[in-house]
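6 protein chains.
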Amino acid sequence: MAIIAPSLLAANFLKLQEAVEMVNSSEAEWLHLDVMDGQFVPNISFGPMVIEFVKKVTTKVCDVHLMIEEPSRYFEQFKKTGADHINIHIETCPRLHQDIQQIKAMGLKAGVAINPHSPAWLLSDIIRDVDIVLVMSVNPGFGGQRFIPHTIDKIKEIKQLIVEKDAHALINIDGGVTLENAAEIVAAGADALVAGSTVFGAKDPVAAIHKLKNA
Amino acid sequence: MAIIAPSLLAANFLKLQEAVEMVNSSEAEWLHLDVMDGQFVPNISFGPMVIEFVKKVTTKVCDVHLMIEEPSRYFEQFKKTGADHINIHIETCPRLHQDIQQIKAMGLKAGVAINPHSPAWLLSDIIRDVDIVLVMSVNPGFGGQRFIPHTIDKIKEIKQLIVEKDAHALINIDGGVTLENAAEIVAAGADALVAGSTVFGAKDPVAAIHKLKNA
Amino acid sequence: MAIIAPSLLAANFLKLQEAVEMVNSSEAEWLHLDVMDGQFVPNISFGPMVIEFVKKVTTKVCDVHLMIEEPSRYFEQFKKTGADHINIHIETCPRLHQDIQQIKAMGLKAGVAINPHSPAWLLSDIIRDVDIVLVMSVNPGFGGQRFIPHTIDKIKEIKQLIVEKDAHALINIDGGVTLENAAEIVAAGADALVAGSTVFGAKDPVAAIHKLKNA
Amino acid sequence: MAIIAPSLLAANFLKLQEAVEMVNSSEAEWLHLDVMDGQFVPNISFGPMVIEFVKKVTTKVCDVHLMIEEPSRYFEQFKKTGADHINIHIETCPRLHQDIQQIKAMGLKAGVAINPHSPAWLLSDIIRDVDIVLVMSVNPGFGGQRFIPHTIDKIKEIKQLIVEKDAHALINIDGGVTLENAAEIVAAGADALVAGSTVFGAKDPVAAIHKLKNA
Amino acid sequence: MAIIAPSLLAANFLKLQEAVEMVNSSEAEWLHLDVMDGQFVPNISFGPMVIEFVKKVTTKVCDVHLMIEEPSRYFEQFKKTGADHINIHIETCPRLHQDIQQIKAMGLKAGVAINPHSPAWLLSDIIRDVDIVLVMSVNPGFGGQRFIPHTIDKIKEIKQLIVEKDAHALINIDGGVTLENAAEIVAAGADALVAGSTVFGAKDPVAAIHKLKNA
Amino acid sequence: MAIIAPSLLAANFLKLQEAVEMVNSSEAEWLHLDVMDGQFVPNISFGPMVIEFVKKVTTKVCDVHLMIEEPSRYFEQFKKTGADHINIHIETCPRLHQDIQQIKAMGLKAGVAINPHSPAWLLSDIIRDVDIVLVMSVNPGFGGQRFIPHTIDKIKEIKQLIVEKDAHALINIDGGVTLENAAEIVAAGADALVAGSTVFGAKDPVAAIHKLKNA
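Residue numbers (the numbering used here), protein chains in the order written: chain A, 1 to 215; chain B, 216 to 430; chain C, 431 to 645; chain D, 646 to 860; chain E, 861 to 1075; chain F, 1076 to 1290.
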């Protein structure tokens, strides 16, 4: 059974409390928080202030995904406002090892996020240092996109890398996860699933989370 | 009587709809929306997605303040999601005249924002082209700061510049506006007041808006 | 027989029309257009305006090579002025998959360009999405350089990758292609050859194109 | 009588030699060359290579206008390929005094370009060091725009600054100069006029140059 | 009598301790420390590590001059390693007021540095907030340059601004100060003089400091 | 026996001459010089000026390690001030092949530096062109860190790559090298060892160098 991480990006921002409380009442373990700066990705979503509000209500693990340039400038601020995990992109971190150590030294779980075009093997020298690999199965920046098929192969490659390197990272899949493809994704090796519109667009979001978990 | 522009930055983001509806029910004319990218200012607030939600509920003019690098990349997106005004910073716009024309060509009101250290005279060759001068009376990036006293002089200088140049821009003051200092600010020449914690931190926000308006 | 793509960079810019008409009268299928911004490469060549003039005269496919930072800002402009192909560099595109999809969504062919030091397998997760791989056999930025010998190995590796991944991309070689080495390059797996001085520096450019094609 | 500087940006790039020879045969003293990098302005025009070709044919002074980031990186290259004047923007040169000295130390004339929104007084501490002030009367980046009316005031202010500071800089006006407004511009204090479409869009460009000169 | 601030940039870096001890034994009050990052200026000098060593020996006030991009990233580090003053450039600080407050909030003296081409009146809205105005009388980046004559006018203008605004900032002059021109500089209004080669290039540096002080 | 390259970063900067002369008197072959710009790494160390002083005294090969953005801007300056080797980072050089050729064309040895998270195979298409691979066994930016264990595997992988590609590059290890781990590092394939605190923190630095060499 996969860990489910509903993404707040797909929630109704007029009534965030309700959205967060719905997640509280569900089987989801994590709450996925997509931070975008309009530089690394062509969209601005939200930042520490919104997370601070969410933290007051949520009972789940805050899984923060930084789609921003030079993320290390903001590690401290995100920790203060409630992040439990910080995921950063290999594509924008020329000093990735240092950044990962810094996240872990703050007592948080560290994840490395990887864009659709980046090969799995690029992770070979960092895989033993991270707690999570966040595999982008759509292009980062917007919700509601379709799952990129070759992600299935990539999940398998990353799984194999984890085994070979005797690493312990969880594989989390972000983008286009649906009730239809969740089983195949988990079968390929995913440990966790981010889900946005599949959850928040459902008539019964709590039930959708249950179904994803049991896919 | 000044135009009042409550800043959503000070609202409860767990219950944005209530905050927006409170403003709807008040005498405020504008709703001030502070967009920060973590690059031009050391904070990330929110972007087009949040504004799109706000737009569904608000009956007020959406006064968007872009504290971001190269803002022209996002004009179209902010227009689509509901901006009525777009304010951009003279400190980060080497092609300011072009950017202002572009905002106006989209049918929106254009404002130029000016940081505390930038002299009023820097506006001399753009003042006739803008609809609004957004005078930062605190440093951009965070709510809850105290009004910088020399802003009073700056308001007077900008007012004088507007008269000299036969311009029509409104002067909007952003930061540290309180029930105590509002009258002095208006007397110095302000046409509009942004107010964050003074409104959203009040027991009766609608009454606070009323008092600001009649300061 | 390889596709031949004469590079306008080596033409006489005082008489571009003659150069374009010479190519029209030849067996070349593509016209290669090298756009440099002085940031990604240490030279500024030309941009959309020149391409718009070329498009008025050429009867060939316009194969545009963007050696510029953040190329996605200019996709629309290059499409409007006549690009049929847009090639972008893996070295400067942290969101390469998205950029490639965007080019294809505009109805153009999309190419990924790869610098001499970048390994072929960096393309493993994008090769199925592109129409062209533009292999730099010299360093981008200037015409008239000598072919880097290890490119032969790289062509073979990319060919193998295409086969393994069941991809359909054409391999185009850019830099230092001569009448002497063309046959070896094609034998290694190249589908297309960019040629600058070999064509425009020849006494009979049309004949040079013919010879390259039959190398 | 003003110096006339036809801007090659408005010429037919398919037949540059004809355009340059037309200017040779005219009363124009300077040939204006607009270099854009797609970063400082939202367009890429052309660079040193095109200027090198132009230099082979022109008999006029090459007045190069760098609309590029960090222009000092390219001074040497532009000198080599034929620049007689180099104009750089105050908006993108935090070390403007040094850059101007560097241009002059290479034996070239140095100009400072100023965008429409920048006040004339910003030039007060550099005016004595430059040979030319290039006043943008449209926004840099594209040809064919209309003259911004407040430029007339700005020309007068710069003229006054030159007198006050006992400086010797020539005032050159760039953008939207026509047969209709040339006289007023010269009367305000302009020493030179850049003209693009007014020259190259005319039936008789040589005659248009003559008329501008005698406006 | 002016404050004298010998600049370590002109010292023998093979024997820094001797240089620092010479300054200790002199009438100089400050030790000027030029930090360059190779980005804001075209040279890399030294950083916090060198200052930490100097601090172990010096008995003088450490006057740190940051010629670096986004200096606020390094305030904390420079404080820790011994800075008493931090001077930052108006040309590279779009949030100058905030940066100045931050330096002062750390218990240090804050200075604003101004390049040769920047007009004195750009300081009008920050002059009351700073402890020091560091007037560049050469272009930042290298030692051993000649004093730019128009600096004398600029010193007078800044002095007048200080008086008008009832401010308390000291005026410190950096670059090309010699035994010959020191008196004129002080007469124009300077409170402090940075001196590099004039001190460290002298046969008797302590005597040179004495002469500068009594110029 | 490995080449030993004491890193000046760990020396006493108050008495650099003594440090350099100690190295002169030792069995070390190279002197490692760490240049940091505060941009590529979060620290500023020193630049060409310090190296120029060192060069006056040292009898060893100057092995310069550029931890800076766009290093090619400074190649000329480092050559002039005495560099014998220039090492640049694959993580910040999108045109790495060109940069390496440029270093070699100046008559210097060229090295490619690789951060802890970057896989060895990223070097496959540049390994034949470089004289040195500088393997970071700590994160660049500060001295005194502990050796990252997986570096041992990386050294073996790079050694294998060198053999496979019939390349001639030396492998130099930078960070956390001690008397305890030196033997294992050399056994894994290292040709040279950078040593900072192990040398300069020793009671007898010359003896420490001797021991490292014979580890």
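Just so you know, even glycine gets a beta-carbon here, dropped at the ideal spot from N, CA and C. Here the structure is a predicted model, which means the values were calculated and not measured.
- Item | C-alpha gap between residue 992 of chain E and residue 1029 of chain E, whole angstroms | Here residue 992 of chain E is taken as the residue at index 132 of the fifth sequence, counted from 1. Here residue 1029 of chain E is taken as the residue at index 169 of the fifth sequence, counted from 1. Going from the Cα of residue 992 of chain E to the Cα of residue 1029 of chain E covers about 5 Å.
- Check the Cβ of residue 799 of chain D against every Cβ in chain B and list those closer than 9 Å, keeping chain order. By one-based count along the fourth sequence, residue 799 of chain D stands at place 154. Near residue 799 of chain D (Cβ distances below 9 Å), the residues of chain B are 340.
- Determine the chain C residues that contact residue 1169 of chain F at a beta-carbon separation under 8 Å, and present them in chain order. Residue 1169 of chain F sits at position 94 when you count from the first residue of the sixth sequence. Near residue 1169 of chain F (Cβ distances below 8 Å), the residues of chain C are 470, 519, 521, 522 and 545.
- Nearest to residue 1088 of chain F by alpha carbon, out of E:893, E:1033, E:909 and E:983? The residue you call residue 1088 of chain F lines up with position 13 of the sixth sequence. Comparing Cα-Cα distances from residue 1088 of chain F to each of E:893, E:1033, E:909 and E:983, the minimum goes to E:909.
- Query: Is the segment 780-794 of chain D close to the segment 818-827 of chain D, with three or more CB pairs under 8 Å?
  - Reply: yes
- Item | Buried/exposed call for residue 1259 of chain F, threshold 16 Cβ in 10 Å | By 1-based counting over the sixth sequence, the position of residue 1259 of chain F is 184. Per the 10 Å Cβ criterion, exposed.
- Please compile the residues from chain E whose C-beta is within a distance smaller than 7 Å of the C-beta of residue 767 of chain D. For the purposes of this step, residue 767 of chain D is taken as residue 122 along the fourth sequence, with counting starting at 1. What residue 767 of chain D touches in chain E: 979.
- State the start and end residues of the unbroken alpha helix (DSSP H) segment that holds residue 966 of chain E. Mapped onto the fifth sequence, residue 966 of chain E falls at position 106. Segment: none, residue 966 of chain E is in no alpha helix (DSSP H) and carries neither H nor E.
- Task: Quick one: grab the DSSP three-state call for residue 710 of chain D.
- Result: Reading the fourth sequence from its first residue, position 65 is the one you call residue 710 of chain D. It is a strand residue.
- residue 1053 of chain E: first and last residue of the uninterrupted beta strand (DSSP E) it sits in: In the fifth sequence, counting from the first residue as 1, residue 1053 of chain E sits at position 193. From DSSP, the beta strand (DSSP E) with residue 1053 of chain E extends over 1052-1055.
- Would you mind reading off the limits of the beta strand (DSSP E) that contains residue 1208 of chain F? Along the sixth sequence, read from residue 1 onward, the residue named residue 1208 of chain F stands at position 133. Start and end: 1207-1211.
- Any Cβ of chain B within less than 8 Å of the Cβ of residue 657 of chain D? Sequence index remark: in the fourth sequence, residue 657 of chain D carries index 12 (1-based). False, the Cβ-Cβ gap to chain B never drops below 8 Å.
- How do the segment 107-114 of chain A and the segment 64-84 of chain A stand: do at least 3 beta-carbon pairs fall below 8 Å, yes or no? yes
- Using a threshold of 8 Å, state whether the C-beta atoms of residue 1094 of chain F and residue 1265 of chain F are closer than that. Here the question's residue 1094 of chain F lines up with position 19 in the sixth sequence. Here the question's residue 1265 of chain F lines up with position 190 in the sixth sequence. Not closer than 8 Å, so no.
- Query: Closer than 8 Å, CB to CB, is residue 611 of chain C near chain F or not?
  - Reply: Here residue 611 of chain C refers to the residue found at position 181 when the third sequence is read from its first residue. So no, residue 611 of chain C is outside the interface.
- Does the beta-carbon of residue 25 of chain A have 16 or more other beta-carbons within 10 angstroms, so that it is buried, or is it exposed? Counting from one through the first sequence, the residue named residue 25 of chain A turns up at place 25. By the 10 Å Cβ count, residue 25 of chain A comes out exposed.
- For the candidate residues D:787, D:848, D:763 and D:656, whose alpha-carbon lies nearest to that of residue 798 of chain D? Within the fourth sequence, residue 798 of chain D is the residue found at index 153, counting from 1. Residue 798 of chain D has its Cα closest to that of D:763, out of D:787, D:848, D:763 and D:656.
- Query: chain C partners of residue 706 of chain D, CB-CB under 8 Å?
  - Reply: If you number the fourth sequence from 1, residue 706 of chain D lands on position 61. Those do not exist, as residue 706 of chain D stays about 19 Å from chain C at its closest Cβ, beyond 8 Å.
- Item | Selected residue, minimal CA-CA separation from residue 891 of chain E, among E:982, E:905, E:986 and E:944 | Along the fifth sequence, read from residue 1 onward, the residue named residue 891 of chain E stands at position 31. Looking at the Cα atoms, E:944 is the closest of the given residues.
- Item | Whole beta strand (DSSP E) elements within the segment 567-615 of chain C, 3-residue minimum | 600-604
- Item | Beta carbon of residue 995 of chain E nearer than 8 Å to that of residue 1018 of chain E | Translated into the one-based positions of the fifth sequence, residue 995 of chain E becomes position 135. Translated into the one-based positions of the fifth sequence, residue 1018 of chain E becomes position 158. In contact: residue 995 of chain E and residue 1018 of chain E (Cβ atoms closer than 8 Å).
- Message: Whole angstroms are fine: how far does the CA of residue 127 of chain A sit from the CA of residue 167 of chain A?
- Response: Counted from its first residue, the first sequence places residue 167 of chain A at position 167. Counted from its first residue, the first sequence places residue 127 of chain A at position 127. Cα-Cα distance, rounded: 6 Å.
- With 16 other CB atoms within 10 Å as the buried threshold, where does residue 1058 of chain E fall? Working through the fifth sequence from its first residue, we reach residue 1058 of chain E at position 198. Residue 1058 of chain E comes out buried.
- Item | chain E contact residues for residue 662 of chain D, given Cβ-Cβ distances below 9 Å | Residue mapping note: residue 662 of chain D aligns to position 17 of the fourth sequence, counting from 1. Per Cβ cutoff of 9 Å: no residues; residue 662 of chain D is ~38 Å from chain E at best.
- Task: Give every residue of the same chain whose Cβ lies closer than 6 Å to the Cβ of residue 1112 of chain F, excluding the five residues on either side of it in the sequence, and list them in chain order.
- Result: Stepping through the sixth sequence from its first residue, residue 1112 of chain F is reached at position 37. Same-chain partners within the cutoff: 1143.
- Message: Spatial neighbours of residue 637 of chain C within its chain, please: C-beta separation below 8 Å, excluding the five flanking residues on both sides.
- Response: The residue labelled residue 637 of chain C in the question sits at position 207 within the third sequence. None.
- Would you say residue 813 of chain D faces chain E, with C-beta separation under 8 Å as the test? Here residue 813 of chain D corresponds to residue number 168 of the fourth sequence, with the count starting at 1. Answer no: the Cβ-Cβ gap between residue 813 of chain D and chain E never drops below 8 Å.
- Message: Just verifying my parser: in three-state terms, what is the DSSP assignment at residue 716 of chain D?
- Response: The residue labelled residue 716 of chain D in the question sits at position 71 within the fourth sequence. It is helical.
- Assuming residue 631 of chain C contacts residue 439 of chain C under a Cβ cut-off of 8 Å, what Cβ separation, rounded to an integer in Å, is found between them? Taking the third sequence and counting its residues from 1, the one referred to as residue 631 of chain C is at position 201. Taking the third sequence and counting its residues from 1, the one referred to as residue 439 of chain C is at position 9. Rounded, the Cβ-Cβ distance is 12 Å, inconsistent with contact.
- Alpha carbon to alpha carbon, how far is residue 220 of chain B from residue 409 of chain B? Against the second sequence, residue 220 of chain B aligns to sequence position 5. Against the second sequence, residue 409 of chain B aligns to sequence position 194. Cα to Cα, residue 220 of chain B sits roughly 5 Å from residue 409 of chain B.
- Query: Using DSSP with H/G/I as helix, E/B as strand and the rest coil, what is residue 681 of chain D?
  - Reply: Mapped onto the fourth sequence, residue 681 of chain D falls at position 36. Residue 681 of chain D falls in the strand class under three-state DSSP.
- Item | DSSP-derived helix/strand/coil call for residue 221 of chain B | In the second sequence, residue 221 of chain B corresponds to position 6, counting from 1. Here residue 221 of chain B sits in strand by DSSP.
- Classify residue 805 of chain D as buried or exposed, calling it buried when 16 or more other Cβ atoms lie within 10 Å of its own Cβ. Within the fourth sequence, numbered from 1, the residue matching residue 805 of chain D stands at position 160. Residue 805 of chain D is exposed by the Cβ-count criterion.
- For residue 212 of chain A and residue 182 of chain A, the rounded distance between their alpha carbons: Numbered from 1 along the first sequence, position 182 holds the residue referred to as residue 182 of chain A. Numbered from 1 along the first sequence, position 212 holds the residue referred to as residue 212 of chain A. Using only the alpha carbons, I get a separation of about 6 Å.
- Query: Any idea what DSSP makes of residue 728 of chain D, helix, strand or coil?
  - Reply: The residue labelled residue 728 of chain D in the question sits at position 83 within the fourth sequence. Correct three-state label for residue 728 of chain D: coil.
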